[in-house]
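As you go down the protein sequences, you meet chains W and D in turn.
The C-terminal position of the first sequence is numbered 725 in the working numbering, with every residue numbered one higher than the one before it.
The C-terminal position of the second sequence is numbered 1038 in the working numbering, with every residue numbered one higher than the one before it.
Notes follow once the structure below has been shown.
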Amino acid sequence: MQSAETQALQLAPRRRGLGLRRREMLVGYLTLSPWAIGFLIFTLGPMIASLWFSFSEYKIIQAPRWIGLANYQRMFTDDLFYKSLQVTVYYTVTSVPLGIVAALIVAVLLNQNVWGARIMRTIFYLPSVISGVAVSLVFAWIFNYRFGILNYILGLIGIHGPDWLGWRQWALPAFVLMSLWGIGGNMIILLAGLQGVPVTLHEAAEIDGANAWRRFWSITLPMISPAILFVSIMSIIGSFQTFTQAYIMTGGGPAYATLFYLLYLYRNAFNWFEMGYASALAWVLFAIILICTLLALQVSRSSVHYEGE
Amino acid sequence: MTTASWPIQRRRQRWLVAQRMAVRVFVFLLLLPLAGFIILPFLWMLSSSFKPIGSGIRFPPQFIPTHWVWSNYPLVFQTIPFLTYMRNSIIVTGGVIVGEVLSSSIVGYSFARLRYPGREAAFILVLATMMIPFPVTMVPTFVLFNLIHWVNTYLPLIVPAWFAPPFAVFLLRQFFMTVNRELDDAAKVDGCNELRILFQILMPLSKPALTTVAIFSFTANWNDFLGPLIYLSDARKFTLALGINYLRSFRGGGDLAPQMAASLMFSAPCIILFFLAQRYFVQGIVTTGIKG
């Protein structure tokens, strides 16, 4: 006698009139469709349109007019384009490495079974859950030249602090300093990586006489290098898209010292309605981000250790 | 082992324990000022929200107000339509969360459970789209929404989330893969179709992952500034993120104290949510690498 289950199994395909495999395929494509439709409308379509706009003059009121490479040629003579690129690259090459080293230091310290590790982890992550707007408003006051607490604290140790957001040479360093406040997300990823390093490796090395520093360089760092690579790439991508802080705290000033790339792109698109030029700027940004990511992956090929290789 | 080595070993062990304690104390002392650096702006925001008007331009700055005033909070409500903005933020954030959880569950199920040609390629595309920067699609998407007259409505902020955003799909797919497949096989035998398997078996079992998706979606959209800035031009339709920035343009709103009161009220839901659901935040970051 057959059990009810096997009977049902045998009956199922015939009852539905469709082969099980064909049915699975059909349901598969149906359940995939929300993503596929969204991908076409909100990603692939806009990317193609954006590429087309980037070769056009397009001020939204008239249809796009093909002008070939003119938008890209315009960048070569656009001082503000160079300035915004310079600002963003400076910010990226300072804030990303500093942020990752800081996040790594905090993660390593938190991984030492320290007192109150949980509450410490909470504190370090907390800035990541609040908004760019609120953070920018608070920091605009903290950086205030005469009345801000940063210069007050610097004053206590005898340093006459600069007008952070008002002086050309200090505005960008102020942004870098502020970015260090938000290392919590990276720290948690690195901490998870550290917790995945097998204790046995450390014990074995300790028996072999390796000191803590040596163990960190030869065991910990290689073991968490995939996490470091990941965090680096995501941070670079994020840093090239810095916007809210600059929009709120300085508006790109003083003298364009904080004219971040995305801020300049935003102004072209939504203040001056230069949709064509803005699209060209967007593609250059995309190319830069892509090159940085590929470079990071290239560098990683020799230095990142994947377990099981 | 000789008996003589016992006391030596015990002494060595005691020394090791002491050393470890010393390291812990030392590390704690190292971390303390760093944690202070992180927490200080929060405390500053909190204490400044109770300072009298004009204290933003006082030297030296006070860490604890000499006299506490509550008036900044009502002042915020009088200056900007805070409750309207809050309602708008709730509409946008709520609309996004519902759509994101539903659509990503369906697509996550598709990737985790069903076999069909092209699935792997589609999944690689999902991963690849996570790397595409928002600015690349920002301009044409605006043009599209402008064309269908959706600009200055909440639809451009809500509708894209109903088409399975990649981070959520990835996270849910990973989670569904860990759920024992025999459960849905058994349900299939009992005559359940795929939708019922998803909604009545997989989703109830995946509450932690769904919660993670929902809270990340909440903080990201509650805090989003660029999206509303592009699409909302009517000041009555602003979300809170735009609203508290808007506060600065009013008389009296330009001062430290009301700004901090508004920032605090705006951030409070995210901070409270974080303390309630910390483990979901950590889990989400670790699985997908979103940094919140």
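Backbone N, C-alpha and C fix where the C-beta goes; we use that ideal spot for every residue, glycine too.
Quiz item: Is DSSP giving residue 952(D) helix, strand or coil here?
Solution: Counting from one through the second sequence, the residue named residue 952(D) turns up at place 206. Correct three-state label for residue 952(D): coil.
Exercise. For residue 482(W), name the three-state secondary structure that DSSP assigns.
Key: One-based indexing of the first sequence puts residue 482(W) at position 66. For residue 482(W), the three-state secondary structure derived from DSSP is strand.
Quiz item: In chain order, what residues of the segment 483-506 of chain W put their CB closer than 9 Å to some CB of chain D?
Solution: Hits within the stretch: zero.
Practice problem: Consider the C-beta atom of residue 632(W) and the heavy atoms of the ligand GDP; say whether any pair is separated by less than 7 Å. | Solution: In the structure on display, the ligand GDP does not appear, and there are no ligands present to speak of.
Exercise. Establish whether the CB of residue 543(W) and some CB of chain D are separated by less than 8 Å.
Key: As a position in the first sequence, residue 543(W) is number 127, starting the count at 1. With 8 Å as the cut-off, residue 543(W) counts as an interface residue toward chain D.
Exercise. May I have the straight-line CA-CA distance separating residue 452(W) from residue 521(W), to the nearest angstrom?
Key: If you number the first sequence from 1, residue 452(W) lands on position 36. If you number the first sequence from 1, residue 521(W) lands on position 105. The alpha-carbon atoms of residue 452(W) and residue 521(W) are separated by roughly 42 Å.
Exercise. Would you identify the three-state DSSP class for residue 728(D), choosing helix, strand or coil?
Key: In the structure as shown, chain D begins at 747 and stops at 1038. Residue 728(D) is therefore absent and cannot be evaluated.
Quiz item: Are residue 552(W) and residue 661(W) closer than 8 Å when you measure CB to CB?
Solution: Locating residue 552(W) in the first sequence gives position 136, counting from the first residue. Locating residue 661(W) in the first sequence gives position 245, counting from the first residue. Going by C-beta atoms, residue 552(W) is nearer than 8 Å to residue 661(W).
Quiz item: Which chain D residues sit within Cβ distance under 7 Å of residue 769(W)?
Solution: What the structure shows of chain W is the stretch from 417 to 725, and residue 769(W) is not part of that stretch, so it cannot be assessed.
Quiz item: Which value, in whole angstroms, describes the spacing of the CA atoms of residue 997(D) and residue 819(D)?
Solution: The residue labelled residue 997(D) in the question sits at position 251 within the second sequence. The residue labelled residue 819(D) in the question sits at position 73 within the second sequence. So the alpha carbons of these two residues sit roughly 15 Å apart.
Quiz item: From the DSSP output, which residues share a beta bridge with residue 619(W)?
Solution: Your numbering for residue 619(W) matches position 203 in the first sequence. Residue 619(W) is not bridged to any residue.
Quiz item: Helix, strand or coil for residue 473(W) per DSSP?
Solution: Here the question's residue 473(W) lines up with position 57 in the first sequence. Secondary structure at residue 473(W): strand, using DSSP grouped into helix, strand and coil.
Exercise. Report yes if the C-beta distance between residue 851(D) and residue 917(D) is below 8 Å; otherwise report no.
Key: The sequence position of residue 851(D) within the second sequence is 105, counting from 1. The sequence position of residue 917(D) within the second sequence is 171, counting from 1. Taking C-beta atoms as the reference points, residue 851(D) and residue 917(D) fail to come closer than 8 Å.
Quiz prompt | CA-to-CA distance, residue 879(D) to residue 968(D), given in whole angstroms | solution = Along the second sequence, read from residue 1 onward, the residue named residue 968(D) stands at position 222. Along the second sequence, read from residue 1 onward, the residue named residue 879(D) stands at position 133. Residue 968(D) and residue 879(D): Cα-Cα distance of roughly 20 Å.
Quiz item: Shorter than 8 Å from the beta carbon of residue 836(D) to some beta carbon of chain W?
Solution: On the second sequence, position 90 is the one that residue 836(D) refers to. Chain W, which has no Cβ nearer than 8 Å to the Cβ of residue 836(D), makes this no.
Self-check item: residue 709(W), DSSP secondary structure in three states
Solution: To locate residue 709(W), count along the first sequence from 1; it is residue 293. The answer is helix: DSSP assigns residue 709(W) an H, G or I state.
Practice problem: Go through the segment 641-694 of chain W residue by residue and report every complete run of the alpha helix (DSSP H) that reaches 4 residues or more, in order. | Solution: Segments of the alpha helix (DSSP H) lying fully in the segment 641-694 of chain W: 660-665, 677-682.
Practice problem: Confirm, please, whether the CB-CB distance from residue 915(D) to residue 857(D) is below 8 Å. | Solution: Here residue 857(D) refers to the residue found at position 111 of the second sequence. Here residue 915(D) refers to the residue found at position 169 of the second sequence. Against a cut-off of 8 Å, the Cβ pair of residue 915(D) and residue 857(D) comes out as a contact.
Exercise. Run down chain D in chain order and give the residues with a C-beta less than 7 Å from the C-beta of residue 662(W).
Key: Your numbering for residue 662(W) matches position 246 in the first sequence. Near residue 662(W) there are no residues of chain D at all, since even the closest Cβ is about 11 Å away, more than 7 Å.
Exercise. Would you mind telling me which residues of chain A sit closer than 9 Å to residue 785(D), beta carbon to beta carbon, in chain order?
Key: The structure shown has no chain A; the protein chains it does contain are W and D.
Quiz item: Straight-line CA distance for residue 942(D) to residue 460(W)?
Solution: Sequence index remark: in the second sequence, residue 942(D) carries index 196 (1-based). Sequence index remark: in the first sequence, residue 460(W) carries index 44 (1-based). One C-alpha to the other measures close to 32 Å.
Quiz item: Can you tell me the Cα-Cα spacing of residue 885(D) and residue 702(W), whole angstroms?
Solution: Locating residue 885(D) in the second sequence gives position 139, counting from the first residue. Locating residue 702(W) in the first sequence gives position 286, counting from the first residue. Computed Cα separation, rounded: 13 Å.
Quiz item: Among residues of its own chain, excluding the 5 on either side of residue 708(W), which ones have a beta-carbon nearer than 6 Å to its beta-carbon?
Solution: Within the first sequence, residue 708(W) is the residue found at index 292, counting from 1. 652.
Self-check item: Three-way DSSP call (helix, strand, coil) for residue 984(D) in this model
Solution: Residue mapping note: residue 984(D) aligns to position 238 of the second sequence, counting from 1. Residue state, collapsed to three classes: coil.
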